[in-house]
Every structure is written in C-alpha cells, then in structure tokens.
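For the numbering used here, count along the sequence shown from 1 and bump the result up by 944.
First up is the structure itself, then whatever we jot down about it.
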Amino acid sequence: MDENITWHRRTMLAKISRELAKNNFTPIVVENAAEAVNKIFEIIKPEESVGIGGSRSIRQLCVIEALESRGQELIQNKPGQPPEEAFKLRRKALAADVYMESPNAVTMDGKLLFVDGVGNRVAGMIFGPKKVVAVAGCNKIVPDEESGWERIRQVAAPANAKRLGLDTPCTAGGSCKNCDTPQRICNASVVLWKRPKYTEYYVLLVAEELGY
C-alpha cells in the first residue's frame, strides 16, 4: 500500500483512539487483521463464552475459526437454521460473557453508530454481556454523526441487504429509499456517545478496510 495512505490511516485512527478514550471506551489501534485477531485473543479468556452478531467485519478477520480451534464456546447463528432455533441463539448470545460485533460507523469524536433489523445486534452492544469487542476497519470512519447515518444509508445497508439476498429497493438502486418492505434491515438505530456503564468495552480500530 502507498506509504502516504498508510500514514493517513494511522493518523486518523490515532485521533479517534484519543476521542474514544475520552468517552470511556478502551481503544486499540492495529495495523491489520492478523494483529486484530491477536488482540482479541488477549481480550477474550479461553473459558469465556462468546456471542457473535451478524458482522461481515468479524468474519473477514477469520477470528471465529481461530477461537473455535482454541475450544471457545461460540454462540452464533448459522445458515439454514430454522427460525425458532435462530431466535433462541440470538437470545442466548445476549447472555454470553463476551459479545463481538462491528459498528456501522465510527465518528472522529469517538461515537459508535449501529443500525439493525432484528435488534439483537444493537442490544448486545448496549447491555447483557460483561465484555464487548467492537471491530471497525478504517472504511467506517466518518467525520460526524450525520455523515455516519448517511454512510449507513448509502453504503452499509445496501451492501448488507445484497449480501443477505434481500428484495429491497436498496438492492435494486444501490442506496437507501427508506422503504416499508417486510425485508427492511434498518429498523433500529443506536448511537453510543459514551461507554455503557458496567461493561468492559474494547474498540479495535484496524488500519485496513473491513466489512461494509
């Protein structure tokens, strides 16, 4: 990668890290996916159960496979499960020791933005698990909240809807139409201004693009 792009990413992530710390999060800046996985292994103890939301960023890290090889108890949905079983697993994940997910956007002043269709993902990031590990690639960095919501509408939501094979206006046109379709995935939005009380909250900022 161009050294000037690398420098810029490091500089931006360092700034955001300082702002996240002011907001009582525990920020960790890493260069790449491999470093992120190593940090996650340091944060999560072998005996802890881990709930995993529907995150492309987490899956790109290949950390799930690495945790499985360590014998970690993982709680997550898998393709082809009956709806009733998927619902039970979503609820169980909210009572795990650790919850792993990715915000849809991170602002330069250290706020985390999330949008969800079912609600389990945003729920796990707010309350339930004792420890949260949020992973964000540099592509999710935005100047402010307004830019974050716009990024979600124009990039994250359409890409995720396409990944899930949904028949929504955003998969046809490539941007949010604020639809009323049954398959809509933007039903709940959350912004974390500060770390939720009583939760250990780690935010891994990766100097690579991850997820949508």
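Quick reminder that beta carbons are idealized off the backbone N, C-alpha and C, glycines included.
Check                                                                                                                      : Outcome
P990, buried or exposed, once every other Cβ within 10 Å from all chains shown has been counted against 16                 : exposed
V1062 in three-state terms, based on DSSP                                                                                  : coil
Three-state class that DSSP yields for I1002 in the structure shown                                                        : helix
Start and end residues, alpha helix (DSSP H) containing P1113                                                              : 1113-1117
Range covered by the beta strand (DSSP E) that runs through E1152                                                          : Run containing E1152: none; DSSP gives neither H nor E here.
Bridge partners - K1075, DSSP secondary structure assignment                                                               : V1042, E1144
Rounded straight-line distance, which links the Cα of R954 to that of G1155                                                : 19 Å
Identity of the residues DSSP links to V1135 by a beta bridge                                                              : L1057
Inter-residue Cα distance where the pair is L964 and R1139                                                                 : 9 Å
Reduced DSSP secondary structure (H/G/I, E/B, other) of E1017                                                              : strand
Counted within 10 angstroms of its Cβ, other Cβ atoms place C1082 as buried (16 or more) or exposed                        : buried
Straight-line gap, E947 to P1027 (C-alpha atoms, nearest Å)                                                                : 47 Å
Chain-order list of residues whose beta-carbon lies under 6 Å from that of E992 (same chain, five-residue window excluded) : D1041, V1042
Beta-bridge pairing of S993 - partner residues as DSSP gives them                                                          : E1017
I996 vs M1069 beta-carbon contact at 7 Å                                                                                   : no
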